[in-house]
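Just so you know, we're using the working numbering here: the sequence shown kicks off at 499 and counts up by one. Please read the structure below before turning to the comments.
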Amino acid sequence: MTAAGALLPRRRRPALEMHGAASAARGVLSFVVVTLLIAVVWEGAKWIAGDPWREILGMPLNPPHVPPFNVLQLNDQNLPHVWDIVAAFGRPATRNNPFTLGAVLTDAALFTGRSAVVGFAAGAIFGLALAVVFVHSRLLERALVPYVVASQTVPIIALAPMLVLWVGTEWTSVALVSAYLTFFPVTIAGIRGLTSPDPRALELMRSYAGGWWGVLWKVRFPAALPYLFTAFKISATASVVGAIVGEEPTGIRGGLGRAILEFNTQYISGPEKLWATVLVSAALGIALFAAVRLAELLVLRGRVAAVEA
499 MTAAGALLPR RRRPALEMHG AASAARGVLS FVVVTLLIAV VWEGAKWIAG DPWREILGMP
559 LNPPHVPPFN VLQLNDQNLP HVWDIVAAFG RPATRNNPFT LGAVLTDAAL FTGRSAVVGF
619 AAGAIFGLAL AVVFVHSRLL ERALVPYVVA SQTVPIIALA PMLVLWVGTE WTSVALVSAY
679 LTFFPVTIAG IRGLTSPDPR ALELMRSYAG GWWGVLWKVR FPAALPYLFT AFKISATASV
739 VGAIVGEEPT GIRGGLGRAI LEFNTQYISG PEKLWATVLV SAALGIALFA AVRLAELLVL
799 RGRVAAVEA
């Protein structure tokens, strides 16, 4: 390598780091802007559905509407103000509970997050293992992939009680539901990614007497990383959905799924609690997605730096 070639990677690394930082900043800014737009649309819909402005403009208080959207239903009971939902985090969760709603939902998010993370990891490992098996055995791929696809048609709400009977009413049964939703995207993306390398690269490895493990680790797996991270981002949010849905019919207390059921029964007296729980659930899914995205940036940026070096 020449002196200029040796210096080139060092010069480009700061540029790569600046590009990554700028991309992250744009992502955060976009998230904030979209959140503000949602709040504006939210309050705008409530304003359109309000009665005072119709009376001021001399319009009827009960205008005709086109089903299924009824603007008269956007009242404080069905759609609380954004600031009321935010303020609910600082109020007691229930009448006899000394803890605030924010503290209760934080504990619930940690409980559900543990099940989601464990389920995500287990499902990702299982899905990747299936992909490796299918890539190396076309017979098993043709025989089992249809069943893998059919497994995703089973309603989760029906599967969760069966898992409780098999595993028990512990958080592990919830993690299994998360893993069930996680493994499918990883399996399909893994098959696509592991078969994506250039055939010439595979032949080169075989010519050097590289075994199946060497070909897998040095050629197939690096080529599959972009596909796998795409599946991981999908599976990260799916694992949260699986954990929440798995908690609801199993009777497991302490998670967001149980909190949704409890605050649903209190919706008439405090709709802000249920909306706050929905926001925390969404935030948990976004947090796991962001963690996978950060890992993707670090891993793939490292690959680019290694190639340029």
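Ideal placement from N, C-alpha and C gives every residue a C-beta, glycine not left out.
Practice prompt. Check whether the Cβ atoms of V647 and L692 lie closer than 8 Å to each other.
Written response: The count along the sequence shown starts at 1 and reaches residue 647 at position 149. The count along the sequence shown starts at 1 and reaches residue 692 at position 194. With respect to the 8 Å criterion, V647 and L692 are not classified as neighbours on the basis of their beta carbons.
Item to complete: Take the Cβ of L796 as the centre, count every other Cβ of all protein chains shown within 10 Å, and call the residue buried at 16 or more, exposed below.
Response: Residue 796 sits at position 298 when you count from the first residue of the sequence shown. Classification of L796: exposed, given that the 10 Å Cβ count is below 16.
Fill in: Per-residue burial, M703 [other beta carbons within 10 Å of its own, 16 or more giving buried]
If you number the sequence shown from 1, residue 703 lands on position 205. Buried: at least 16 other Cβ atoms inside 10 Å.
Worksheet item: Helix, strand or coil for T598 per DSSP?
Response: Numbered from its first residue, the sequence shown carries residue 598 at position 100. Residue state, collapsed to three classes: strand.
Worksheet entry | For P590, the three-state DSSP class (helix, strand or coil) | The residue labelled residue 590 in the question sits at position 92 within the sequence shown. If DSSP states are grouped into helix, strand and coil, P590 belongs with the strands.
Fill in: Contacts around G752, its chain only, beta-carbon distance under 6 Å, and the 5 residues preceding and following it disregarded
Position 254 of the sequence shown, counting from 1, holds the residue named residue 752. Excluding sequence neighbours, G752 sits near F609.
Fill in: Cβ shell of V602 (< 6 Å), same chain only, five flanking positions each side left out
Here residue 602 is taken as the residue at index 104 of the sequence shown, counted from 1. Correct list, in chain order: A591.
Worksheet item: When you compare only the Cα positions, how much space is there between R791 and L700?
Response: Translated into positions along the sequence shown, residue 791 becomes position 293. Translated into positions along the sequence shown, residue 700 becomes position 202. Near 29 Å, if we compare the C-alpha coordinates of L700 and R791.
Discussion item. In this structure, how does DSSP classify H634 when only helix, strand and coil are distinguished?
Written reply: Here residue 634 refers to the residue found at position 136 when the sequence shown is read from its first residue. Shown here, H634 sits in a helix according to DSSP, grouped into three states.
Worksheet item: Measuring CB to CB, does S733 end up less than 8 Å from F618?
Response: Here the question's residue 733 lines up with position 235 in the sequence shown. Here the question's residue 618 lines up with position 120 in the sequence shown. Result yes, Cβ atoms of S733 and F618 sit closer than 8 Å.
Discussion item. So, for V665: in the same chain, excluding its five sequence neighbours on each side, which residues have a beta-carbon less than 8 Å away from its beta-carbon?
Written reply: Here residue 665 refers to the residue found at position 167 when the sequence shown is read from its first residue. For V665, where only same-chain residues beyond five positions count, the Cβ hits under 8 Å are S671, L674.
Discussion item. Do P578 and A658 count as a contact pair if the criterion is CB distance below 8 Å?
Written reply: If you number the sequence shown from 1, residue 658 lands on position 160. If you number the sequence shown from 1, residue 578 lands on position 80. No, the pair does not count as a contact, with Cβ atoms beyond the cut-off.
Item to complete: Enumerate in chain order the residues of its own chain whose CB-to-CB distance from L786 is below 8 Å, with the five nearest sequence positions on each side excluded.
Response: Sequence index remark: in the sequence shown, residue 786 carries index 288 (1-based). Same-chain partners within the cutoff: G611, A614, V615, F618, A734, T735, S737, V738.
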